[in-house]
Every structure is written in C-alpha cells, then in structure tokens.
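Data first, discussion second: the structure below is written as structure tokens.
Numbering (this note's numbering), first residue to last: 58 to 864.
Here's what the structure looks like:
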C-alpha cells in the first residue's frame, strides 16, 4: 500500500501539498511550488541548474574509478564513495571504545567527528553557532552530570523489534541514572515490573500507547511514570508500525496478546483520535487509569506542528515529544527512511514559538529526539526550547549495535535487533556502557554551559537569542540559506513562561469512579469480598470504570479479581469510554446506552449494555453503543443488546463479544478473540484481520458483499464437532489469559451456542432467545470468518504439539 503521511490512495496525493520546502528560496517556492510551506530559505533555480550540471559531470566524467563501474549507492548501508551517513564505521568504533573503557578522550574524538560532520553534511544545527559569554562560569558551578542525565530518555523501541537483552539493558541503565527508558509500542513483560534482587529495575518508566495498542492493559498503564501516545514516528510519519511474522515468537506473541508466527500491523491512525477533542478524551482515559503518570504525546517535526502542539497542550497533555527524521527505525521502509519526516530543529523551533505566543508553554514539558548524538546537539535543542532529550540509535550502538542494517530480517549478528536465540546469545552490551555514554554527553554539555554562562539546564531552555547562523559556510549551495524564521524569539507578555513552570489540571476530582472506589472498598482489600453497586450515570460521566480498574491492577495485576467480585449496575446514558481498561473481576452493566469507545482496552472485565425493560423499539434497529467499541481490547467479555457503530472490535486482541449488528469496518485489524454478530454488518468487515474469529448471522446471504476477503476466508458452521476433549470451549472463561473458547479450528457450533447463551443470560436479548429456540435452523445461517494466516499458524502450532507429545 502506497501509504505515506496516512494517505493511501493515488487520488489523495494529487494536489495534497504534503511536502515541506527545506532550504528552497521563497521565489522558487512561489513560482513552482505555490502554497508549499517553508521555514528555511535556500537555493533557487540557478543553484538547482548548477547541481544538475555537476551530477552530469560526475556521471560522465573521466574519473577512472567511476568510468567503467556502476555507482555503489550506499543510500541504506554505508559504502566508501557512496552516500554520506551520520554513523560511519569510524564513529561507531570510537563510541564503542569510549563507552566500554570509560575513556573520555575517545568520546571527545567521537563528539568532535560528529560535530564536524554536522557542519560538513549541513545538518541544520551544523549551520548554527552559539554566542559564548565574555566571562564563562567556572565548570565547578555548573549543574552536575548526575542531575543532567535525569533529563535524558531512550527512544521508543519495542520489545519485538529489539531483543529482550537489548531492551532490558537500556531500561536498567536509565533506571540507575534516574532517566527514562521507553517500552515502544510492543508492551512489556510483567516480570519486569518487579525490582531485581540486586536493586536494579528492568521496568521502562515510559509506557507507549500506539495505534496497535499491543499489550496495553490496565496493569501495563499503572506501572508507568509516563504514558506516551504515539501519534507519529519520526522515521515514518503517518504509517503504522509493522512486525514481520518471523519475528513474532512465543514470548513476543504473549506480551502482545497475539499468535506466534502471524505478522502484526499497527493501523496508520489511532482509531479513537480523529480530532483534537478525541485526543483530549484519550489523555483523560489514560490519566484516569494512572492519575500519577505524566501523559505525553509524540509528534513528528514538520511545518505546522506548532499548531498541533498547542492543541496537545490545550488537551491537557503534560508532555510533548517532537521527533525528527534523522533518527530512524532500522526496519522502516527505505522510502520512508530517506524521504519522509523533517529535521527536529524546524519542528522544535515552531513548537516553542507557538506555545509561547499562545501562553501555553508553561504547562507542558517539551522533549526532542531524532538523531541526537552529542552534548552540542543537546545544547542546541535546549536553546531552541527543549526541556528533555531522547536518544535511540546512540544508546543501541553503545550497547553493541554495529549498524548492519539487518533489523527487519531477524539476522542481527550482535543480538540487538533479533529474536533468534543463537544470535541473542551474542549480545555483549552492559548497562554501564549506556550509562558511560550518557555521562559523557552530560559532561560535554556542562562544558558548553560554562562557556554560555549557564549554571543549570533550566536556565538554557528557550534562550534562542544565544544562537546565530554561522557567518561563513564553506559550501557553494549554502549562500542563500536563511535561518531567521527558525531563530525568531517571540516576545511574551510579562509573566508568560518560556519553559515548564506549572502542572496541568486534568479535572479528575469530579470522576464518578471516586464514588465507585469508595463503595468497592471491601473488594479491594487483602481478602476481597464481593460487592454490588447501583447508581445513575449521565453523559458527562466519562471513562467510568477506568480509575477503579487502575486500583484493581495496582493490587492484583493483570490477573485481577475472581469473576463478578465487583458488580456495578448503572442506569442512563454514559459518556465516552465507558468501561475503558476494565479489569477482570469487575462487571459493569449499563441499562441505557453508551457513547464511543465503550470497552476500550478491555483488560479482563465484563461490559454489558442493554435496553431498559419498558422500551418497545427493536434492538436490531437501535444503536446502543457508538463507534470504535472494544478498540485494543486485550481480554474480557462484552454483550450489547443492540447495534454498535463503526469499527466495532477494531484491533481486538482477545476479548469475546456479542452484538446485534454493527457499522462499517467491523473487526478491523483484529488479532485475537471471538466476535459474534447477530444482525447486519456494514461494509469492509474484517479488513486487516489477521487473528481471532468472527461469526455473522446471515440469513439473507448478503454478508459476502460486506466482507473484505483479502486476509480472511468465509466458512460454514458445522452442526457439531462431536467430541468434548480438553480443547472444547467452556461456559465461563477460567482466567484472564484464557477466554475459554477452546480450539479455534473446531467446535464452532458449541462455541457459538455458549456465546449466544451468555448473551441471553446477561442482556435478556429477544434475538438470542429466538435463535436458541430454533437452533438447528439458525446454525445453518451463520458464517465463520477465519483469517488465513491465523488458521495456518494454529495448524502449525497444533502439529508441533503433536510431534512433541509423540517424542
């Protein structure tokens, strides 16, 4: 799919103006790219013509090396006489020698080569110079490195894209120095939440929530200091992440709640964020689950990102990350690595200017990442407005990465970006190597701070007046470069902050969950006792059940409480995200109707939405819950006596659900669980569905036209399997990680009957009673939706188990 910037059809690219101009003159833009945004002035038509002539001369010149040989290229991997790269074999070797031996001279040589290379390759920060103070501050008076490193974080690299050894190495190192490591979008193993015997911790303080919602349970969220919503990725803005099936082993699948061997795709957008109000809702949801965590939003640097950052601040995020294109996920598509994204200097400068001018900067922390390597990079980032700094590739290189560019092939020879046990055994990185690197960066920064006259990093933030463009740049294309828009310093009103100095008000004090937690006190002790709660709900009561589930997850983990320990019945119309991240042991019944995002991130609980007894409308024609219901659900059950909106069960990982009809795009990107639809579906059902199964009641034989067949096969439901062995489905799910649905290749009639009976039990559904009364005939009208990759993986796993049992 030709998907860049979230656009996936040819027609949508035409005239879309999704390009930014970087280093092109205003005259050229106005004449040939009318309306295109540009921040940095640069070359015109003459320089472009000159470059074309030079390229032709290089291609057809008399240089004996090139005359009879093809160009080596080197766009992706480093090649002598190929394309220039920021990371060269020399710079990798220098950094690794420095961190392994803790040799500051070797780091100084590395930093000098990188900083000189920035000038030579003309990164934007390489075009800048700092205005040093006439009287430097004594280095002894500058903030110690041990305090500076607390502002550092490692980037969002998922467990799955990199090995457990590499992932935990970064986490241990950052926890030792008081910095932050980031889970990436692949979840985190629960054993890492518990401190190690030697006092270290493998817990990543930043938990990421991406569009795929892999592993995002209530337990995962309550074990976070920061929760980062990944709106986009610097290396590939507008594209969802992808983990090839050969990298999804049993451990990865367990953490991501998916199936081994089946590839995983994150949707390009978050399906619960179509507007800034939706983003505010997700921030509110996450803050409810974990009220003490900072909520962060990751954006990609581009012209216009300042406006988005202002919206993020107004949506009450505590933190925003501006990600540049220089850093790059090793497994990103090559076209994205080389042609998408924008330098972080552009996005960071615009973010700082916009937030200050709108008097929003004081309430939100700003982080920058994407190609930071040295203390000079950090200094320029701080002067342009960043409070915190993210590093990804450099800490990986400190851990042993040698830039082989095999990340997507699972063949990394040093055990960093692979799940192969033989290759993982070659990983030699130590937390001390990463710690040494960050302290070297901090010490280099301290030297620059002393020269600038600053004693604390906090004093540097936003002091863009101490940056200037270098007066003489030795490159023929650089003559027209103008950084004045980048280095503009807004003049705020008196008392308006240019850096973080206050906290956001998230408005949690009015949450209905405070009342529910108080009423459920008996169920939250060391010896939980069942409780029943009844109350009314109105549409301003948003995210009902999430804060309560956070309390359950803190005490009892993902396993939660015994079934039905906390039974809550609410009457009325619930606000958005009813039952979000609901923990096991909590049953939330709504007599009335719900809005969007019901059961989002369901973590083992049970959500029931049914009509009041005295209404006479048909549930098959009554939309009882809104759009994007059960988005990213991990486990649990949901029963809806009525029709759901669009994108029902999108990215469902393991929940069991019964609904009496749904809108377009049902079961999109689903990877696990079981969905039963007892009525009509909209179009594009099962698009991107790679796991789990669905049953659709289709007496009129119209479902075939509504189903997207690209990844699924439609099968009839057999009358009975005829046997009842250990793989048969169960009436109740025995545990949070076992939904009791049995062998998905068999027992369709038994499984379907159990779910329809559960639906009748919980909702009193007339449709369910009608089908059960005529079960033999009803069964002939059901269609099973089975993803082809999922069926293959289940068969492979079954044959492997058979071979092991035979041995």
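Even glycine gets a Cβ: it sits at the ideal position worked out from N, Cα and C.
Cβ atoms of residue 262 and residue 249: under 9 Å apart, would you say?
Your numbering for residue 249 matches position 192 in the chain shown. Your numbering for residue 262 matches position 205 in the chain shown. It is not a contact, given that the beta carbons lie outside the stated cut-off.
Report yes or no: do three or more beta-carbon pairs, one from the region 70-84 and one from the region 94-104, lie closer than 8 Å?
yes
Nearest-angstrom Cα distance between residue 499 and residue 334?
Residue numbering aside, residue 499 sits at position 442 when the chain shown is read from its first letter. Residue numbering aside, residue 334 sits at position 277 when the chain shown is read from its first letter. Each residue's alpha carbon lies about 39 Å from the other.
Going by the DSSP bridge assignment, what does residue 860 pair with across the sheet?
On the chain shown, position 803 is the one that residue 860 refers to. DSSP output for residue 860 lists no bridge partner at all.
Give the single residue among 592, 209 and 92 whose Cα lies nearest to the Cα of residue 432.
Along the chain shown, read from residue 1 onward, the residue named residue 432 stands at position 375. The candidate whose alpha carbon is nearest that of residue 432 is 209.
With H, G and I counted as helix, E and B as strand and the rest as coil, what does DSSP make of residue 58?
Looking up residue 58 in the chain shown gives position 1. Reliability fails at residue 58, whose pLDDT of 48 lies under 50, so the model's placement of it is uncertain and no value is given.
DSSP puts residue 660 in a beta bridge; with which residues?
Locating residue 660 in the chain shown gives position 603, counting from the first residue. The partner list for residue 660 (beta bridge, DSSP) reads 640 and 692.
Is it the case that the region 494-512 contacts the region 201-218, given that we only count it when at least three CB pairs across the two stretches are under 8 Å?
yes
Which value, in whole angstroms, describes the spacing of the CA atoms of residue 58 and residue 767?
Numbered from 1 along the chain shown, position 1 holds the residue referred to as residue 58. Numbered from 1 along the chain shown, position 710 holds the residue referred to as residue 767. The predicted model places residue 58 with a pLDDT of 48, which falls under 50 and marks its position as unreliable; any figure quoted below should be read in that light. Their backbone Cα atoms lie some 13 Å apart in a straight line.
Give the secondary structure of residue 270 by DSSP, where H, G and I count as helix, E and B as strand, and everything else as coil.
Stepping through the chain shown from its first residue, residue 270 is reached at position 213. Residue 270: coil per DSSP, three-state reduction.
Identity of the residues DSSP links to residue 751 by a beta bridge
As a working note, residue 751 is residue 694 in the chain shown. Looking at the DSSP assignment, residue 751 forms a beta bridge with 732 and 842.
In whole angstroms, give me the CA-to-CA distance for residue 230 and residue 484.
Within the chain shown, residue 230 is the residue found at index 173, counting from 1. Within the chain shown, residue 484 is the residue found at index 427, counting from 1. In a straight line, the C-alpha of residue 230 is about 15 Å away from that of residue 484.
Out of 774, 793 and 798, which has the shortest C-alpha to C-alpha gap to residue 783?
Locating residue 783 in the chain shown gives position 726, counting from the first residue. Of the candidates 774, 793 and 798, the one whose C-alpha sits nearest the C-alpha of residue 783 is 798.
So, do the region 160-175 and the region 416-436 have three or more beta carbon pairs nearer to each other than 8 Å?
yes
Buried or exposed: residue 332, going by 16 or more other Cβ atoms within 10 Å of its Cβ?
The residue given as residue 332 occupies position 275 in the chain shown. By the neighbour-count rule (16 or more Cβ atoms within 10 Å), residue 332 is not buried but exposed.
Within the continuous beta strand (DSSP E) that includes residue 627, where are the two ends?
Mapped onto the chain shown, residue 627 falls at position 570. Note, residue 627: beta strand (DSSP E), 623-630.
Since residue 623 contacts residue 580 with CB under 8 Å, what's their CB separation in whole angstroms?
Translated into positions along the chain shown, residue 623 becomes position 566. Translated into positions along the chain shown, residue 580 becomes position 523. So it is a contact: roughly 5 Å between Cβ atoms.
Segment limits, alpha helix (DSSP H) that includes residue 409
For the purposes of this step, residue 409 is taken as the residue at position 352 of the chain shown. Segment 401-414, the alpha helix (DSSP H) holding residue 409.
Whole-angstrom distance between residue 504 and residue 192, CA atom to CA atom:
In the chain shown, residue 192 corresponds to position 135, counting from 1. In the chain shown, residue 504 corresponds to position 447, counting from 1. Roughly 13 Å between the two C-alpha positions.
What is the DSSP secondary structure of residue 199, reduced to helix, strand or coil?
Taking the first residue of the chain shown as 1, we reach residue 199 at position 142. Three-state result, residue 199: coil.
Output yes if chain C places a C-beta closer than 9 Å to the C-beta of residue 361; else output no.
Given the protein chain composition of this structure (a single chain), no chain C is represented.
Provide the residue span of the beta strand (DSSP E) that contains residue 426, from first to last.
Locating residue 426 in the chain shown gives position 369, counting from the first residue. Here the beta strand (DSSP E) through residue 426 covers 422-426.
On the DSSP bridge list, what partners appear for residue 185?
The sequence position of residue 185 within the chain shown is 128, counting from 1. Paired residues: 526.
Might you give, ordered along the chain, the residues of its own chain that have their beta carbon closer than 6 Å to the beta carbon of residue 567, omitting 5 neighbours on each side?
Walking along the chain shown from the start, residue 567 turns up at place 510. Excluding sequence neighbours, residue 567 sits near nothing in its chain.
On the DSSP letters alone, give me the boundaries of the alpha helix (DSSP H) that residue 609 sits inside.
Along the chain shown, read from residue 1 onward, the residue named residue 609 stands at position 552. Run containing residue 609: 603-613, per the alpha helix (DSSP H) assignment.
Same chain, Cβ closer than 6 Å to residue 406, five either side skipped, listed in chain order:
Taking the first residue of the chain shown as position 1, residue 406 is located at position 349. The answer, listed in chain order, is 441 and 543.
May I ask you to verify whether the region 391-400 touches the region 363-383, counting CB pairs closer than 8 Å and requiring at least 3?
yes
Does the Cβ of residue 807 have 16 or more other Cβ atoms within 10 Å, making it buried, or fewer, making it exposed?
One-based indexing of the chain shown puts residue 807 at position 750. With 16 or more Cβ atoms within 10 Å of its Cβ, residue 807 is classed as buried.
Are the CB atoms of residue 469 and residue 480 within a distance shorter than 9 Å?
Taking the chain shown and counting its residues from 1, the one referred to as residue 480 is at position 423. Taking the chain shown and counting its residues from 1, the one referred to as residue 469 is at position 412. Result yes, Cβ atoms of residue 480 and residue 469 sit closer than 9 Å.
Nearest to residue 307 by CA position, among 863, 859, 532 and 850, is which residue?
Taking the chain shown and counting its residues from 1, the one referred to as residue 307 is at position 250. Nearest option by C-alpha distance: 850.
Determine whether the beta carbon atoms of residue 523 and residue 253 lie at a separation below 9 Å.
The count along the chain shown starts at 1 and reaches residue 523 at position 466. The count along the chain shown starts at 1 and reaches residue 253 at position 196. No, these two residues do not count as a Cβ contact at 9 Å.
Between residue 300 and the rest of its own chain, which residues show a CB-CB distance below 6 Å, the 5 nearest in sequence each way excluded?
Sequence index remark: in the chain shown, residue 300 carries index 243 (1-based). Same-chain partners within the cutoff: 217 and 321.
Is it the case that the Cβ atoms of residue 706 and residue 683 are separated by a distance below 9 Å?
As a first step, residue 706 must be located in the chain shown, where it is residue number 649. As a first step, residue 683 must be located in the chain shown, where it is residue number 626. Cβ atoms of residue 706 and residue 683: not closer than 9 Å.
Buried versus exposed call for residue 359 [16 or more other C-beta atoms within 10 Å across all chains shown]
On the chain shown, position 302 is the one that residue 359 refers to. Counting Cβ neighbours within 10 Å, residue 359 comes out buried, since at least 16 surround it.
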